[in-house]
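A.B. asks: Right, I'll just put the structure down here and ask away after.
2 protein chains.
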Amino acid sequence: MDRFRTMESFVRVVRSGSFTVGASQLGLSRALVSRHISDLEAHLGVRLLNRSTRSLALTEEGTAYLEFCEKVFREIETSELAIRRTRTEPAGTLKVLAPKSFGALHLSDAVVGFAKLQPRLRISLMLENTPYRGTYDFAERDLDVVLCFSTMRGASVIEEKIVTLDWVLCASPEYLARSGAPNTPAALADHSCLVHINVQPIDVVWRLSGPEGSVSVKVRAAFSADSSLTLRKAAVAGLGITMIPRYAVTDELASGALEIVLPRHKVAARPMLAVYPKAVVTPAKVQAFVEYLKAWMIERSFDVAQPG
Amino acid sequence: MDRFRTMESFVRVVRSGSFTVGASQLGLSRALVSRHISDLEAHLGVRLLNRSTRSLALTEEGTAYLEFCEKVFREIETSELAIRRTRTEPAGTLKVLAPKSFGALHLSDAVVGFAKLQPRLRISLMLENTPYRGTYDFAERDLDVVLCFSTMRGASVIEEKIVTLDWVLCASPEYLARSGAPNTPAALADHSCLVHINVQPIDVVWRLSGPEGSVSVKVRAAFSADSSLTLRKAAVAGLGITMIPRYAVTDELASGALEIVLPRHKVAARPMLAVYPKAVVTPAKVQAFVEYLKAWMIERSFDVAQPG
DNA sequence: CTAATTGTTCAATTTTATGCAACAATGATG
DNA sequence: CATCATTGTTGCATAAAATTGAACAATTAG
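Residue numbers (this note's numbering), protein chains in the order written: chain Z, 1 to 308; chain S, 309 to 616.
Listed below in structure tokens is the structure:
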């Protein structure tokens with residue numbers, strides 16, 4: 001027996017003052033409404049309504065139960081609607097996990113802008129380069145979105161591309177003067193390379209595309225770190241050549257603190273992904289944030305796939 | 309979909325931290341519990357649980373919904389149990405309608421005694437001789453029990469005999485001296501009779517049983533009233549012969565203010581009935597009251613059907 | 001008293017809930 | 001790093017309800 005339904009019938013009958021009109025208001029048969037009341041009375045072991053063919057009155061227990069029903073329905077109105085609203089209206093807390101360097105350099109600005117647009121939304125931004133381990137993070141660490149560079153094999157997540165980021169090979173002029181700037185990708189193997197350890201082990205192989213096509217070079221990781229900021233510092237200090245997102249070194253390239261290596265070759269651009277659980281419906285806060293971030297980055301010309 | 313059931317599943321899953329053990333605790337299959345959560349999420353349009361095969365975590369909306377569920381369940385515990393308890397434990401208010409004379413002379417004492425035994429019970433005693441009109445009174449006037457002398461044709465009520473009351477024919481010695489005491493039932497037709505107008509029109513015919521068997525006499529209502537107290541006063545004042553419950557005139561008969569008329573004949577004893585709605589279960593307060601009243605009256609020798 | 005209206009009961013029918021088995025997915029283990 | 005046990009999900013057959021329409025009982029208005 002569906003108690004919610006029987007309760008609804010009971011309330012309706014009392015309000016309308018009759019089984020017949022109560023039933024018609026609910027779009028049910030009199031027979032069923034009668035059964036509902038009977039079931040309810042059997043369940044409670046108490047008579048709720050004193051009824052004759054012409055008249056209807058609540059018993060004392062009926063009055064108490066009516067109050068209870070109305071209270072429950074009022075709470076459903078309140079709580080369920082509030083929850084339901086989060087489907088279309090961002091609310092609550094948005095928990096984002098993002099790479100350290102990207103977070104520190106840019107995402108924090110984007111997040112602040114987003115927060116201003118969503119005063120009802122609390123935002124929690126965590127910056128870590130912990131490799132993403134599948135849906136585990138969402139469940140265990142209570143995350144809403146994870147931003148990352150590498151794709152996942154997870155089947156129950158959605159990976160949405162935010163932008164395609166430009167990567168560059170660069171080193172300090174001092175290092176290049178000292179060690180000699182490489183002329184071919186293959187020459188990189190003899191150089192001191194600064195490697196991001198978090199972009200999968202695959203990346204100890206660097207891929208470049210030039211006039212001769214795509215080339216893979218296995219490089220020697222003279223120095224490795226889990227943050228582009230560290231790699232940038234190492235490069236500026238003349239420790240070697242690094243492969244790094246362009247956004248991390250724009251200032252250095254402009255000021256001449258760093259120089260592009262192998263300028264005739266290009267480093268493969270990499271997508272930046274927003275990963276979130278695959279659910280029947282995506283929470284509005286997640287959707288809104290991903291949209292915002294995408295627009296924010298494209299507007300600032302982060303995306304090499306888009307003209308900007 | 310039974311929302312109470314799905315809510316129960318949801319709470320259980322969260323508490324146990326797993327669909328599997330949650331389902332087994334509820335005695336349901338994992339499949340069903342999984343459906344319950346899905347239905348709930350579809351209903352709310354929101355994901356409640358971030359789940360992977362090894363781990364389980366509430367989303368923000370899930371946390372809010374869990375609170376809601378627990379609140380509702382807590383209220384069910386409280387309210388429903390309180391209501392259910394009235395089945396076995398008298399509580400609330402007991403509303404009794406009784407004939408004026410009986411109420412004034414005896415019932416009020418009985419009710420006071422009952423009230424002392426039931427401190428949690430509020431009692432409302434209304435004394436009226438309004439003829440009982442069927443289940444109407446229970447519904448319209450919000451009554452629990454009606455005490456009366458005449459049986460009803462109502463089919464949806466229970467009529468429980470409290471006691472069988474002795475009735476007597478009596479008059480003042482002064483009247484009998486003046487008008488002559490009747491020797492036969494038939495002689496009553498020539499007397500001035502004091503009639504209770506509320507004991508149905510039938511009662512203008514008085515029935516007596518004597519050595520010659522049962523006799524019916526159509527009497528002349530020289531005086532009629534809706535209360536035995538009034539009839540008693542009239543009789544004491546010498547207005548004529550009245551048929552009256554013995555309980556109303558015990559003192560007068562003892563003191564000699566009134567005398568039995570036709571002592572060799574007997575007035576048919578009449579049952580005093582407690583009438584209450586026919587429900588699947590009778591409220592404890594009604595049951596307790598009827599039981600108490602029955603015992604109380606038998607103890608005081610009101611019942612001619614019982615030795616005492 | 002009659003008749004119309006109301007609540008209830010009982011049958012049949014539709015709908016829904018439920019469990020089993022196969023499946024997909026994930027993470028612990030060696 | 002691959003394997004496998006474990007977990008949540010899905011499809012399908014079945015069992016269990018909810019639901020209705022019609023006959024019924026009961027009550028009151030005219």
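C-beta: ideal position from N, C-alpha, C; glycine also. None of the values given here were measured: they were computed from a predicted structure.
With a threshold of 8 Å between beta carbons, is Ile123 (chain Z) in contact with chain S?
C.D. replies: As a first step, residue 123 (chain Z) must be located in the first sequence, where it is residue number 123. Output row for Ile123 (chain Z): interface = no.
A.B. asks: Against Pro591 (chain S), what residues of chain Z qualify as contacts under a CB-to-CB distance less than 9 Å, listed in chain order?
C.D. replies: Position 283 of the second sequence holds residue 591 (chain S). Those are Val46, Arg47, Thr59, Glu60 and Glu61, listed as they occur along chain Z.
A.B. asks: Does DSSP put Phe381 (chain S) in a helix, in a strand, or in coil?
C.D. replies: For the purposes of this step, residue 381 (chain S) is identified with residue 73 of the second sequence, where counting begins at 1. Reduced to three states, the DSSP call for Phe381 (chain S) is helix.
A.B. asks: Beta carbon of Lys232 (chain Z), beta carbon of Val219 (chain Z): below 8 Å?
C.D. replies: The residue labelled residue 232 (chain Z) in the question sits at position 232 within the first sequence. The residue labelled residue 219 (chain Z) in the question sits at position 219 within the first sequence. A small fix is needed here, since residue 232 (chain Z) is Arg in this sequence, not Lys. No.
A.B. asks: Between which two residues does the alpha helix (DSSP H) harbouring Arg300 (chain Z) extend?
C.D. replies: Position 300 of the first sequence holds residue 300 (chain Z). Taken as a continuous stretch (DSSP letters only), Arg300 (chain Z) belongs to no alpha helix (DSSP H), as it is neither H nor E.
A.B. asks: Here's the rule I'm using: 16 or more other beta-carbon atoms within 10 Å means buried, otherwise exposed. How should Leu147 (chain Z) be labelled?
C.D. replies: Position 147 of the first sequence, counted from the start, is the residue given in the question as residue 147 (chain Z). Buried: at least 16 other Cβ atoms inside 10 Å.
A.B. asks: Hey, how far is the Cα of Gln118 (chain Z) from the Cα of Lys285 (chain Z)?
C.D. replies: Against the first sequence, residue 118 (chain Z) aligns to sequence position 118. Against the first sequence, residue 285 (chain Z) aligns to sequence position 285. Straight-line Cα distance between these residues: approximately 9 Å.
A.B. asks: Count the C-beta pairs between the region 311 to 325 of chain S and the region 98 to 105 of chain Z that are closer than 8 Å, then say yes if the count reaches three, no if not.
C.D. replies: No, the region 311 to 325 of chain S does not touch the region 98 to 105 of chain Z.
A.B. asks: Bridge partners of Leu58 (chain Z), per DSSP?
C.D. replies: By one-based count along the first sequence, residue 58 (chain Z) stands at place 58. Answer by DSSP bridge pairing, in chain order: Z:Leu49.
A.B. asks: Check whether chain Z comes within 8 Å of Ile466 (chain S), counting only Cβ atoms and requiring the distance to be less than that.
C.D. replies: Within the second sequence, numbered from 1, the residue matching residue 466 (chain S) stands at position 158. No, because no Cβ of chain Z sits closer than 8 Å to the Cβ of Ile466 (chain S).
A.B. asks: If you compare alpha carbons, which of S:Phe457, S:Leu364 and S:Lys424 is closest to Glu436 (chain S)?
C.D. replies: Residue 436 (chain S) sits at position 128 when you count from the first residue of the second sequence. The option with the nearest alpha carbon to Glu436 (chain S) is S:Phe457.
A.B. asks: The beta strand (DSSP E) with Gly268 (chain S) in it runs from where to where?
C.D. replies: In the structure displayed, chain S extends from 309 to 616; residue 268 (chain S) sits before or after that span and is not available.
A.B. asks: Using 8 Å as the cut-off, can you tell me whether the region 552 to 569 of chain S makes contact with the region 582 to 593 of chain S, which would need three or more C-beta pairs spanning the two stretches below that distance?
C.D. replies: Segments in contact, no.
A.B. asks: Closest by CA to Ser416 (chain S), which one among S:Pro490, S:Trp604 and S:Glu397?
C.D. replies: By 1-based counting over the second sequence, the position of residue 416 (chain S) is 108. Comparing Cα positions, the closest option is S:Trp604.
A.B. asks: Expressed to the nearest angstrom, what Euclidean distance is found between the alpha-carbon atoms of His344 (chain S) and Ala235 (chain Z)?
C.D. replies: Looking up residue 344 (chain S) in the second sequence gives position 36. Looking up residue 235 (chain Z) in the first sequence gives position 235. The alpha-carbon atoms of His344 (chain S) and Ala235 (chain Z) are separated by roughly 56 Å.
A.B. asks: Beta-carbon of Gly83 (chain Z) versus every beta-carbon of chain S: anything under 8 Å?
C.D. replies: To locate residue 83 (chain Z), count along the first sequence from 1; it is residue 83. One point to set straight first is that residue 83 (chain Z) is Ile, not Gly, in the sequence displayed. Yes - at least one Cβ of chain S is within 8 Å of the one on Ile83 (chain Z).
A.B. asks: Go ahead and pull the three-state DSSP assignment for Arg120 (chain Z).
C.D. replies: To locate residue 120 (chain Z), count along the first sequence from 1; it is residue 120. Here Arg120 (chain Z) sits in coil by DSSP.
A.B. asks: If you run the structure through DSSP and keep just helix, strand and coil, what is Met309 (chain S)?
C.D. replies: Taking the second sequence and counting its residues from 1, the one referred to as residue 309 (chain S) is at position 1. Coil, per DSSP.
A.B. asks: Taking beta-carbon pairs under 8 Å, can you tell me which members of the region 266 to 280 of chain Z lie near chain S?
C.D. replies: Answer set for the region 266 to 280 of chain Z: Pro277, Ala279 and Val280.
A.B. asks: For Ile37 (chain Z), report the span of its beta strand (DSSP E) as first-last.
C.D. replies: Sequence index remark: in the first sequence, residue 37 (chain Z) carries index 37 (1-based). Where Ile37 (chain Z) is concerned, there is no enclosing beta strand (DSSP E), although the alpha helix (DSSP H) it sits in stretches over Arg30 to Leu44.
A.B. asks: Flag Ile510 (chain S) as yes if its beta-carbon sits less than 8 Å from any beta-carbon of chain Z, otherwise no.
C.D. replies: Looking up residue 510 (chain S) in the second sequence gives position 202. In this prediction, Ile510 (chain S) scores a pLDDT of 49, lower than 50, which makes its location untrustworthy; no coordinate-derived value is stated.
A.B. asks: Per DSSP, Ile260 (chain Z) forms a beta bridge with which residues?
C.D. replies: Numbered from 1 along the first sequence, position 260 holds the residue referred to as residue 260 (chain Z). DSSP lists Z:Cys170 as partners of Ile260 (chain Z).
A.B. asks: Note down the Cα distance separating Glu67 (chain Z) from Thr396 (chain S), rounded to an integer number of angstroms.
C.D. replies: Looking up residue 67 (chain Z) in the first sequence gives position 67. Looking up residue 396 (chain S) in the second sequence gives position 88. If you take the alpha carbons of Glu67 (chain Z) and Thr396 (chain S), they lie about 21 Å apart.
A.B. asks: Starting from Val204 (chain Z), trace the beta strand (DSSP E) both ways and give me its first and last residue.
C.D. replies: What you label residue 204 (chain Z) is simply residue 204 of the first sequence in a count that begins at 1. Per DSSP, Val204 (chain Z) belongs to no beta strand (DSSP E) and is neither H nor E.
A.B. asks: Spell out the partners DSSP gives Ala582 (chain S) in its beta bridges.
C.D. replies: As a position in the second sequence, residue 582 (chain S) is number 274, starting the count at 1. DSSP, once it has assigned bridges, lists S:Leu455 and S:Glu468 as partnering Ala582 (chain S).
A.B. asks: Can you name the start and end residues of the beta strand (DSSP E) that Thr93 (chain Z) belongs to?
C.D. replies: Residue 93 (chain Z) sits at position 93 when you count from the first residue of the first sequence. Where Thr93 (chain Z) is concerned, the enclosing beta strand (DSSP E) stretches over Gly92 to Ala98.
A.B. asks: So, at 7 Å on beta carbons, what are the nonlocal neighbours of Met243 (chain Z) in its own chain, with the 5 sequence-adjacent residues on each side left out?
C.D. replies: If you number the first sequence from 1, residue 243 (chain Z) lands on position 243. Trp167, Leu169, Trp206 and Val267, listed in sequence order.
A.B. asks: What separation, rounded to the nearest whole angstrom, lies between the Cα atoms of Ser55 (chain Z) and Gly17 (chain Z)?
C.D. replies: Position 55 of the first sequence, counted from the first residue, corresponds to residue 55 (chain Z). Position 17 of the first sequence, counted from the first residue, corresponds to residue 17 (chain Z). Approximately 8 Å between the Cα atoms of the pair.
A.B. asks: Could you name the residues of chain Z that Thr401 (chain S) contacts, counting a contact when the two beta carbons are closer than 8 Å?
C.D. replies: Taking the second sequence and counting its residues from 1, the one referred to as residue 401 (chain S) is at position 93. Going along chain Z in sequence order, the residues near Thr401 (chain S) (Cβ under 8 Å) are Glu60.
A.B. asks: Flag Phe19 (chain Z) as yes if its beta-carbon sits less than 8 Å from any beta-carbon of chain S, otherwise no.
C.D. replies: Translated into the one-based positions of the first sequence, residue 19 (chain Z) becomes position 19. Not closer than 8 Å to any Cβ of chain S, the Cβ of Phe19 (chain Z) fails to qualify, so no.
A.B. asks: By the three-class DSSP mapping on this structure, what secondary structure does Leu435 (chain S) have?
C.D. replies: Locating residue 435 (chain S) in the second sequence gives position 127, counting from the first residue. Of the three classes helix, strand and coil, the one that applies to Leu435 (chain S) here is strand, per DSSP.
A.B. asks: Tell me, which residues are paired with Lys266 (chain Z) by DSSP?
C.D. replies: By 1-based counting over the first sequence, the position of residue 266 (chain Z) is 266. Answer is Z:Ser209.
A.B. asks: Are any of the Cβ atoms in chain S nearer than 8 Å to that of Gly308 (chain Z)?
C.D. replies: To locate residue 308 (chain Z), count along the first sequence from 1; it is residue 308. With a pLDDT of only 48 at Gly308 (chain Z), under 50, the local geometry of the prediction cannot be trusted, and the value read off the model is given with reservation. Answer no: the Cβ-Cβ gap between Gly308 (chain Z) and chain S never drops below 8 Å.
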